[in-house]
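Trainee:
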Amino acid sequence: MGIHAALAVHPASGHGAAARIADTVAERLRVAVDRLDVLVANSVEESRELMRTSHDAGLDVLVVLGGDGAAHQGVQFCANHDVALGLVPAGTGNDFARALGVPGEPLPAVDALVAALRSGARRRIDLGRAGETWFATVLCAGFDASVNERANRMRWPSGPRRYDVAILAELAAFRSRPVVVDTGTERLELDATLVAVGNTRFYGGGVPICPTADPEDGVFDVTVVGDVTRRGLIRMLPGLRTGKHLTHPAVRTLRARSVSLTGNSWPAYADGEPQGTVPVTVSCVPGALTVLA
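Be aware that the sequence shown starts at 139, since it is given in this note's numbering, and climbs by one per residue.
1) Going residue by residue through the region 259-311, where are the continuous alpha helix (DSSP H) segments of at least 4 residues, counting only ones entirely within it?
2) Assess contact between the region 314-330 and the region 270-278, defined as three or more Cβ pairs (one per stretch) separated by less than 8 angstroms. Is contact present?
3) Is A304 closer than 8 angstroms to G212 when the C-beta atoms are compared?
4) Quick one, are the C-beta atoms of P417 and G381 less than 8 angstroms apart?
5) For L200 and A426, which I take to be in contact (beta-carbon distance under 8 angstroms), what is that distance rounded to the nearest angstrom?
6) If P316 sits next to G401, beta carbons under 8 angstroms apart, how far is it from one beta carbon to the other, in whole angstroms?
7) In whole angstroms, give me the CA-to-CA distance for V420 and G322.
8) Should T361 be labelled buried (16 or more other beta-carbon atoms within 10 Å of its own) or exposed?
9) Where does D172 fall in DSSP's three states?
10) Can we say the region 223-231 touches the region 188-206, given the rule of at least three CB pairs closer than 8 angstroms?
11) Would you grab the beta carbon distance between V221 and L197 for me? Rounded to a whole angstrom, and I think it's under 8 angstroms.
12) Looking at C-alpha atoms only, which residue of R299, R166, R369 and T428 is the closest neighbour of R379?
13) Opposite P405 in the DSSP bridges: which residues?
14) If we count the other Cβ atoms within 10 Å of its Cβ and call it buried at 16 or more, is D172 buried or exposed?
15) Does E183 come out as helix, strand or coil in the three-state DSSP assignment?
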């Protein structure tokens with residue numbers, strides 16, 4: 139039985155990078171599948187409708203060409219319809235692709251997908267669930283979510299530098315707030331700067347906020363940054379990109395199958411997408427997604 143695949147293209151990803159390479163990506167994928175539907179969508183609703191149409195025709199694999207926002211939409215569809223997911227990173231952060239070990243450049247990533255399609259190499263990974271929404275990488279609340287919110291509004295600079303600029307801007311309004319972190323077996327009540335619940339390691343364009351998170355172990359890694367001064371946070375920031383923040387005395391780490399955050403009205407983001415505000419409860423669902431290895 140042949141492979142029916144779809145290539146979901148989000149033209150705006152990477153400031154138009156996805157649109158520029160879509161034809162090349164499709165051409166390379168066609169050698170490894172029997173049918174390839176090319177789904178070009180400019181909105182979430184349009185993308186979902188095109189995916190549903192392909193699924194009705196017997197879709198086996200969805201390949202997403204875009205950034206983390208596009209990957210997030212692909213995760214929703216694939217987890218709900220038991221379709222395998224492949225990623226071709228062409229966005230600003232590409233954190234999910236990075237966590238899966240996908241090559242950082244689009245064309246090498248396509249070549250890796252072609253090899254996986256030909257060999258049949260697939261694996262199942264865990265996902266987080268917040269209400270009706272799946273997430274693959276990190277759900278964050280607090281300072282980092284506010285940074286994400288600001289970065290999403292910015293048009294310059296591109297890439298990871300955008301997050302760095304957003305961090306500096308958010309520091310001006312920074313203050314810690316009371317929060318309750320409840321895992322069912324542990325309960326922390328403290329003034330905190332941020333809480334990150336990691337299914338995978340990275341957010342913010344390669345920041346390993348949960349450096350030991352493993353999407354195949356059935357649990358989240360949770361990083362809690364307690365009450366630090368603005369100056370203390372500034373001094374901590376360089377260590378975020380190396381994982382050295384875990385050695386800071388204000389940082390606590392937990393492992394949990396579920397996490398509830400209450401006690402304030404912080405914004406919450408998952409996979410870089412807004413999820414409303416605290417309170418929020420998330421659970422880890424083992425083996426919820428099949429990905430091309």
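Beta carbons are placed, not taken as given, at the ideal position from N, Cα and C, and that holds for glycine.
Mentor: The structure says:
1) 281-291 and 298-309
2) no
3) Position 74 of the sequence shown, counted from the first residue, corresponds to residue 212. Position 166 of the sequence shown, counted from the first residue, corresponds to residue 304. Contact: no.
4) Indexing the sequence shown from 1 puts residue 417 at position 279. Indexing the sequence shown from 1 puts residue 381 at position 243. No, Cβ-Cβ distance for P417 and G381 is not below 8 angstroms.
5) Your numbering for residue 200 matches position 62 in the sequence shown. Your numbering for residue 426 matches position 288 in the sequence shown. Contact doesn't hold; Cβ gap of about 15 angstroms is too wide.
6) Taking the sequence shown and counting its residues from 1, the one referred to as residue 316 is at position 178. Taking the sequence shown and counting its residues from 1, the one referred to as residue 401 is at position 263. Contact flag correct, Cβ pair sits at about 5 angstroms.
7) Taking the sequence shown and counting its residues from 1, the one referred to as residue 420 is at position 282. Taking the sequence shown and counting its residues from 1, the one referred to as residue 322 is at position 184. Spanning the two alpha carbons is a distance of roughly 12 angstroms.
8) Here the question's residue 361 lines up with position 223 in the sequence shown. Buried: at least 16 other Cβ atoms inside 10 Å.
9) Working through the sequence shown from its first residue, we reach residue 172 at position 34. Of the three classes helix, strand and coil, the one that applies to D172 here is coil, per DSSP.
10) yes
11) The count along the sequence shown starts at 1 and reaches residue 221 at position 83. The count along the sequence shown starts at 1 and reaches residue 197 at position 59. 6 angstroms between Cβ atoms; contact.
12) Counting from 1 along the sequence shown, the entry for residue 379 is found at position 241. Among R299, R166, R369 and T428, the Cα nearest to that of R379 is on R299.
13) The residue given as residue 405 occupies position 267 in the sequence shown. According to DSSP, P405 bridges with T415.
14) As a working note, residue 172 is residue 34 in the sequence shown. Result: exposed.
15) In the sequence shown, the residue the question calls residue 183 occupies position 45. Note: E183 maps to helix in three-state DSSP.
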